[in-house]
Amino acid sequence: MASLTGVNKSLIIFAALVIVLAGIKAASAIVIPFILAAFIAIICSPLINFFARYRIPKGIAVVLVVLIIMGLGVSLGGLVGQSVNDFSKQLPEYKAQLKEEFVWLVDVASQYNILINKEQILSMFDPGKMVDVATNMLTGLGSVMANMFLIILTVVFMLFEGPILGKKIHLALDDPDSKIKQIDRFLDSINSYLAIKTLVSLATGVIAGFYLWILDVDYFVLWGVLAFMLNYIPNIGSIIAAVPALLLALITQGPLVAGLVGAGYLTINTVMGNIVEPKYMGKGLGLSTLVVFLSLIFWGWLLGSVGMLLSVPLTMIVKIALEASDEGRWLATMLGTGEETVIKSED
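Using the numbering used here, you'd call the opening residue of the sequence shown number 1332 and step up by one each time.
Printed below as a string of structure tokens:
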């Protein structure tokens, strides 16, 4: 009887989870701007704290942060939007050139007795699709940012409400004393993770864009922004971000520059991912490669392009929440890399 009750409980939980996910997907038009606003607010909260150290009133601090966000958003959106439009117009020509390069590669392979059927390979593998994956993410995010007013307004209210959120959660619990440390750790971990990850991603995007500018690769601002956003996705994101710039360098400037682009991306992501990020975040804060890939598929299906870009932060939040619970700690361990989860934070 006890085992049957356990099975029934598991089925009820699973059914409730399916209903919740179906509701989120149906209401994605509302949920996606809210999630994006929540991430922007969490990322901006250290800036609010910075202003508070200099005794700047909170209202003025929030206005300054919002002005900074809007200034960066408008200026960067204009640059990226123009680059996306220009690149989209040239995309058919680039795809045709990519196919020609691919056919040339097959011909070179045939000279070394490596026989490949051109038509069959081209029917199964279109190199232009790899460029489409990256550009579709940017255009999908751009359509979401059309609700910029709603997102900014939500960010403002979240920044005002943020400091008392923890107190509200404590008061909402039946036994706040026993949970207070877990809640504080959960909130601090999310803030630390997103703040550090954003700074590292921003540095990655700036360095990548500057490097491509030095090599005179077209649309270097576009690829820098793409490197910034996809750096939230470990391992897979850096590969996706490098592919469009590498292929564009190949068809416009030749194999030498393409090789330099590939080497540059490899160096940047190795330094940022294996040296800079672990120094401030801790080696143990991570997800297994399989979980990263599956989360990319799951959140992309649930929330579209924004879900793909935020797949790892969202999964990381779920992991941190599970670690704060005795019942869910085993699942958090399964999501991780097998190392102890640690976030370095300032005292």
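Heads up, the beta-carbon is just placed ideally off N, CA and C, and yes, glycines get one too.
Worksheet item: Among 1641, 1562, 1605, 1554, which has the Cα closest to the Cα of residue 1412?
Response: Considering only alpha carbons, the answer is 1554.
Expected contact under 8 Å - CB spacing of residue 1539 and residue 1596 to nearest Å = About 7 Å separates the two Cβ atoms, so the contact holds.
Do the region 1586 to 1602 and the region 1531 to 1546 meet, that is, are 3 or more Cβ pairs less than 8 Å apart?
Segments in contact, yes.
### Message
Going by DSSP, what residue range makes up the alpha helix (DSSP H) through residue 1552?
### Response
Element bounds for residue 1552: 1551 to 1561.
>> Within the continuous alpha helix (DSSP H) that includes residue 1635, where are the two ends?
In response: 1620 to 1640 is the extent of the alpha helix (DSSP H) around residue 1635.
So, under 8 Å CB-CB, residue 1486 and residue 1368 are touching, yes? Tell me the CB distance rounded to an integer number of Å.
Sure, about 5 Å apart at Cβ, within 8 Å.
Residue 1527: buried (16+ other C-beta within 10 angstroms of its C-beta) or exposed? Answer is buried; the Cβ neighbour count reaches 16.
- Excluding five sequence neighbours on each side, which residues of the same chain lie with their C-beta closer than 6 Å to the C-beta of residue 1561? Within its own chain, the residues whose Cβ lies closer than 6 Å to the Cβ of residue 1561, once the five positions on either side in sequence are excluded, are 1568, 1571, 1572, listed in chain order.
Note to self: Measuring only the C-alpha atoms, how far is residue 1582 from residue 1416?
What the structure shows: Distance between the alpha carbons of residue 1582 and residue 1416 is about 19 Å.
**Message:** Quick check on residue 1648: does DSSP put it in helix, strand or coil?
**Reply:** Correct three-state label for residue 1648: helix.
Quick check on DSSP: helix, strand or coil for residue 1542?
Note: residue 1542 maps to helix in three-state DSSP.
Discussion item. Rounding to the nearest angstrom, what Cα-Cα distance links residue 1381 and residue 1667 in this structure?
Written reply: Each residue's alpha carbon lies about 32 Å from the other.
Check: Is the beta carbon of residue 1642 less than 8 Å from the beta carbon of residue 1521?
Finding: In this structure, residue 1642 sits away from residue 1521, with a CB-CB distance that is not shorter than 8 Å.
key: Reduced DSSP secondary structure (H/G/I, E/B, other) of residue 1387   = In this structure, residue 1387 counts as coil in the three-state DSSP scheme.
- Query: Are the beta-carbon atoms of residue 1433 and residue 1550 separated by less than 8 Å?
  - Reply: When the beta-carbon positions are compared, residue 1433 and residue 1550 stay at least 8 Å from each other.
* To do: Alpha carbon to alpha carbon, how far is residue 1391 from residue 1592? Give it in angstroms, no decimals.
  => Taking the CA atoms as reference points, residue 1592 sits about 43 Å from residue 1391.
Practice item. For residue 1663, collect the residues of the same chain with a Cβ closer than 7 Å to its Cβ; drop the 5 residues on either side in sequence, then sort them by chain order. Key: Answer for residue 1663: 1650, 1653, 1654, listed in chain order.
* To do: Output the distance between the C-alpha atoms of residue 1615 and residue 1519, rounded to the nearest integer angstrom.
  => Confidence at residue 1615 is low in this model, with a pLDDT of 45, below 50, so its placement is unreliable and the value that follows should be read with caution. A direct Cα-Cα distance of roughly 16 Å separates residue 1615 from residue 1519.
### Query
If you follow the alpha helix (DSSP H) that residue 1580 is part of, which residue opens it and which one closes it?
Element bounds for residue 1580: 1567 to 1584.
query: Expressed to the nearest angstrom, what Euclidean distance is found between the alpha-carbon atoms of residue 1492 and residue 1361?
result: Taking C-alpha positions only, residue 1492 is separated from residue 1361 by approximately 20 Å.
Just to confirm the assignment, what range does the alpha helix (DSSP H) spanning residue 1665 have?
1660 to 1666 is the extent of the alpha helix (DSSP H) around residue 1665.
May I have the straight-line CA-CA distance separating residue 1372 from residue 1378, to the nearest angstrom? In a straight line, the C-alpha of residue 1372 is about 10 Å away from that of residue 1378.
- Look at the Cβ atom of residue 1363, then the Cβ atom of residue 1556, and state whether they are nearer than 8 Å. Going by C-beta atoms, residue 1363 is not nearer than 8 Å to residue 1556.
With H, G and I counted as helix, E and B as strand and the rest as coil, what does DSSP make of residue 1347? If DSSP states are grouped into helix, strand and coil, residue 1347 belongs with the helices.
For this session: For residue 1342, count neighbouring C-beta atoms within 10 Å of its own C-beta (all shown protein chains included) and say buried if the count is 16 or more, exposed if not.
Result: Classification of residue 1342: exposed, given that the 10 Å Cβ count is below 16.
- request: Leaving aside the five residues before and after residue 1648 along the sequence, list all residues of the same chain whose C-beta is less than 7 Å from its C-beta, in chain order.
  value: The residues are 1521.
- prompt: Which residue from 1423, 1490, 1623 puts its Cα closest to that of residue 1644?
  reply: For residue 1644, the closest alpha carbon among the candidates 1423, 1490, 1623 is that of 1623.
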